[in-house]
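Here is the structure we will look at, set down as structure tokens.
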Amino acid sequence: MNRLPVAERREQLIEAALTVASRDGIDAATVRAIAAEAGVSLGVVHYCFQDKDELLRSMAHAITAQNLARSLDDLPEGADVTVIVSAVLDALWDTIASARGPQLLSYELTTSSLRHAELNQVAIEQYRGQWSAAEQVLELVEKAAHVGWTVPRAHVARAVVAVVDGFSLAWLVDGDSEAARRGLQGFGQYLATMAVPVELAPEALDHGLPPGTSARADQQTTA
Numbered sequence: 089m090n091r092l093p094v095a096e097r098r099e100q101l102i103e104a105a106l107t108v109a110s111r112d113g114i115d116a117a118t119v120r121a122i123a124a125e126a127g128v129s130l131g132v133v134h135y136c137f138q139d140k141d142e143l144l145r146s147m148a149h150a151i152t153a154q155n156l157a158r159s160l161d162d163l164p165e166g167a168d169v170t171v172i173v174s175a176v177l178d179a180l181w182d183t184i185a186s187a188r189g190p191q192l193l194s195y196e197l198t199t200s201s202l203r204h205a206e207l208n209q210v211a212i213e214q215y216r217g218q219w220s221a222a223e224q225v226l227e228l229v230e231k232a233a234h235v236g237w238t239v240p241r242a243h244v245a246r247a248v249v250a251v252v253d254g255f256s257l258a259w260l261v262d263g264d265s266e267a268a269r270r271g272l273q274g275f276g277q278y279l280a281t282m283a284v285p286v287e288l289a290p291e292a293l294d295h296g297l298p299p300g301t302s303a304r305a306d307q308q309t310t311a
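If you use the numbering used here, the sequence shown corresponds to residues 89 to 311, in order.
Shown next as structure tokens:
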């Protein structure tokens, strides 16, 4: 067996776990099955992850990161916010629709953790990760379109996650990818109506910032 740094071995095991669980379901993702998929001993899995709870949390984070990565490629800098939001949602949906197994698995991770008290932290961290990822995307949209939001970014992020979740779950049921895409684009048009020039955003007004300056930037310069 090749000896790898722990960080690389963990990534290998997470990928193996995602492969097994996406293919055969969350219940099939036992430590033994994951070790066999990765071609390592059981001891290696136990060495890299304290318990199955930690491994499941890592799987949830990996799915979120994979969905996020492609949606952030080549944001059209300086374009109208409607165009930017549309591009982000379109890329996000392309990623989700091309990976049905992992998307189904993300819901299995949620429901399984809610059914078992010892795994409850998985669902909590899963959604914290998704909300955080949505905030990152919104912040990049702000910078590309030079806008802020009429409500706090964290509130917008939760709405985005809820809507994407809803269309994703419906698509898993009916398989109508284009209906989901159209629905997300309609939400994107609504989302764009919540954008305002950055100097009019509550975050900027609360901090008394000059036009074109974000509260985050102000905090960084005074830290």
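Built from N, CA and C at the ideal position, the CB exists for glycine as well.
How big is the Cα-Cα spacing for residue i and residue j?
i: residue 246; j: residue 144; result: 22 Å
i: residue 175; j: residue 181; result: 10 Å
i: residue 103; j: residue 112; result: 14 Å
i: residue 271; j: residue 243; result: 20 Å
Exposed or buried, what is residue i when buried is set at 16 or more other beta-carbons lying within 10 Å of its beta-carbon?
i: residue 186; result: exposed
i: residue 200; result: buried
i: residue 96; result: exposed
i: residue 129; result: exposed
i: residue 152; result: buried
i: residue 236; result: buried
i: residue 91; result: exposed
i: residue 217; result: buried
With a threshold of 6 Å on Cβ separation, who are the neighbours of residue i within its own chain once the five nearest residues in sequence on each side are excluded?
i: residue 307; result: Bear in mind that the predicted position of residue 307 carries a pLDDT of just 39, short of 50, making it unreliable; the figure below should be weighed with that in mind. There are no such residues.
With respect to the beta strand (DSSP E) encompassing residue i, which residues constitute its N-terminal and C-terminal limits?
i: residue 285; result: 283-285
i: residue 235; result: 235-237
Using a Cβ-Cβ cutoff of less than 7 Å, which residues in the same chain neighbour residue i once the five nearest sequence positions on both sides are dropped?
i: residue 120; result: 130
i: residue 108; result: 116, 117, 121, 122, 125
Could you check where the alpha helix (DSSP H) with residue i kicks off and where it finishes?
i: residue 127; result: Residue 127 -> no alpha helix (DSSP H), and no H or E assigned at all.
i: residue 256; result: 241-262
i: residue 114; result: First-last for residue 114: undefined, no H or E at that position.
i: residue 40; result: Residue 40 falls outside the range modelled here, since the chain spans only 89 to 311, and no answer is possible.
i: residue 191; result: 188-203
Within its chain, find whatever has a CB closer than 8 Å to the CB of residue i; leave out the 5 residues flanking it on each side and keep chain order.
i: residue 208; result: 201, 202
i: residue 386; result: The chain is shown only over 89 to 311; residue 386 falls outside these bounds and no answer can be derived.
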